[in-house]
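Engineer:
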Amino acid sequence: MEINKSKMKRYVYEMLAIFIFYLLQCTIFSFLKLANIRPNLLLILTATIGFMRGQKEGMFVGFISGLLLDVQFSDFLGFYALVYLTIGYINGIFYRNFYEEDFKLPLLLISGSELIYGNIIYVSMFLLRSDFHYSYYLSHTIMQELVYTVLVALVIYPIVLYFNQKLEIEEKRSADRSV
Numbered sequence: 089m090e091i092n093k094s095k096m097k098r099y100v101y102e103m104l105a106i107f108i109f110y111l112l113q114c115t116i117f118s119f120l121k122l123a124n125i126r127p128n129l130l131l132i133l134t135a136t137i138g139f140m141r142g143q144k145e146g147m148f149v150g151f152i153s154g155l156l157l158d159v160q161f162s163d164f165l166g167f168y169a170l171v172y173l174t175i176g177y178i179n180g181i182f183y184r185n186f187y188e189e190d191f192k193l194p195l196l197l198i199s200g201s202e203l204i205y206g207n208i209i210y211v212s213m214f215l216l217r218s219d220f221h222y223s224y225y226l227s228h229t230i231m232q233e234l235v236y237t238v239l240v241a242l243v244i245y246p247i248v249l250y251f252n253q254k255l256e257i258e259e260k261r262s263a264d265r266s267v
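Read the sequence shown against this note's numbering and you will find it ends at 267, with the numbers running on by one and no gaps.
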């Protein structure tokens, strides 16, 4: 019974984090655009939860994050949900390589996720409409968003890590009590 309670607490935390990051991305960071680029906070959260907690939770966070973006920005329900779900899954593969004190791997994975995301958006939104200016899109959108997202991740990642550590300590305590 306790284990289910701690899992439920984790899912409530993740849903709350998704909602907060979504609100920040759509409100405050809309005003903090640099060169008409804003960081992708939901991608940071999806990638971070993926490599901290594994594929299932990365996919869960990615799917819910993408679904929120689908409802607001997409003409096709499920497009962003599939993209973010995939990013959560890919980052979850690196779960076994995650060490809390190592900042290089998380930043590298967030950068790679941003590149994947940017290229998927280019292919689906521009290339299929015969817009073949990839080098322009790469230099003016993908790379600029990547840099901005990684800079913001330097601030956000430690916060997500802190809450993850607190939840893991609580989960271990409740597991020890139930044994």
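The C-beta atom is built at its ideal place from N, Cα and C for all residues, glycine as well. Fair warning: this is a prediction, and the values are worked out from it, not measured in the lab.
For L165, name the three-state secondary structure that DSSP assigns.
Structural biologist: On the sequence shown, position 77 is the one that residue 165 refers to. L165 falls in the coil class under three-state DSSP.
Engineer: Can you tell me whether E189 is buried or exposed, with buried defined as 16 or more other CB within 10 angstroms of its CB?
Structural biologist: Here residue 189 refers to the residue found at position 101 when the sequence shown is read from its first residue. Answer is exposed; the Cβ neighbour count stays below 16.
Engineer: Along the alpha helix (DSSP H) that carries G142, what are the first and last residues, could you check?
Structural biologist: As a first step, residue 142 must be located in the sequence shown, where it is residue number 54. Unbroken run through G142: none, as it is neither H nor E.
Engineer: In the DSSP assignment, what residue or residues form a beta bridge with I125?
Structural biologist: For the purposes of this step, residue 125 is identified with residue 37 of the sequence shown, where counting begins at 1. Looking at the DSSP assignment, I125 forms a beta bridge with L122.
Engineer: Is it right to say A123 is buried, meaning 16 or more other beta carbons lie within 10 angstroms of its own, or is it exposed?
Structural biologist: Start at 1 with the first residue of the sequence shown, and residue 123 comes out as number 35. So A123 ends up on the exposed side.
Engineer: Comparing C-alpha positions only, which one of L133, M231 and A135 sits nearest to N207?
Structural biologist: For the purposes of this step, residue 207 is identified with residue 119 of the sequence shown, where counting begins at 1. For the residues L133, M231 and A135, the minimum Cα distance to N207 belongs to M231.
Engineer: May I ask which residues mark the beginning and end of the alpha helix (DSSP H) holding E202?
Structural biologist: Within the sequence shown, numbered from 1, the residue matching residue 202 stands at position 114. Element bounds for E202: K192 to M213.
Engineer: How many whole angstroms separate the CB atoms of L173 and G200, which I take to be in contact at a CB cut-off of 8 Å?
Structural biologist: Numbered from 1 along the sequence shown, position 85 holds the residue referred to as residue 173. Numbered from 1 along the sequence shown, position 112 holds the residue referred to as residue 200. Contact between L173 and G200 does not hold, since their C-beta atoms are separated by about 16 Å, which reaches or exceeds 8 Å.
Engineer: From G146 to L196, what distance separates their C-alpha atoms?
Structural biologist: By one-based count along the sequence shown, residue 146 stands at place 58. By one-based count along the sequence shown, residue 196 stands at place 108. Distance between the alpha carbons of G146 and L196: 16 Å.
Engineer: Using 8 Å as the Cβ pair cut-off and three pairs as the minimum, do the region 238-255 and the region 216-226 touch?
Structural biologist: no
Engineer: How is E90 classed by DSSP in three states: helix, strand or coil?
Structural biologist: Working through the sequence shown from its first residue, we reach residue 90 at position 2. Any reading at E90 must be qualified, since the residue scores a pLDDT of 48, below 50, and its modelled position is unreliable; no value is offered.
Engineer: Whole-angstrom Cβ separation of L130 and L157, contact assumed at under 8 Å?
Structural biologist: Within the sequence shown, numbered from 1, the residue matching residue 130 stands at position 42. Within the sequence shown, numbered from 1, the residue matching residue 157 stands at position 69. Taking 8 Å as the upper bound for CB-CB distance, L130 and L157 are in contact here, some 7 Å apart.
Engineer: From the DSSP output, in three-state form, read off T174 for me.
Structural biologist: Your numbering for residue 174 matches position 86 in the sequence shown. Of the three classes helix, strand and coil, the one that applies to T174 here is helix, per DSSP.
Engineer: What three-state label does DSSP hand S218 in the structure shown?
Structural biologist: Locating residue 218 in the sequence shown gives position 130, counting from the first residue. Here S218 carries a coil assignment [DSSP, helix/strand/coil].
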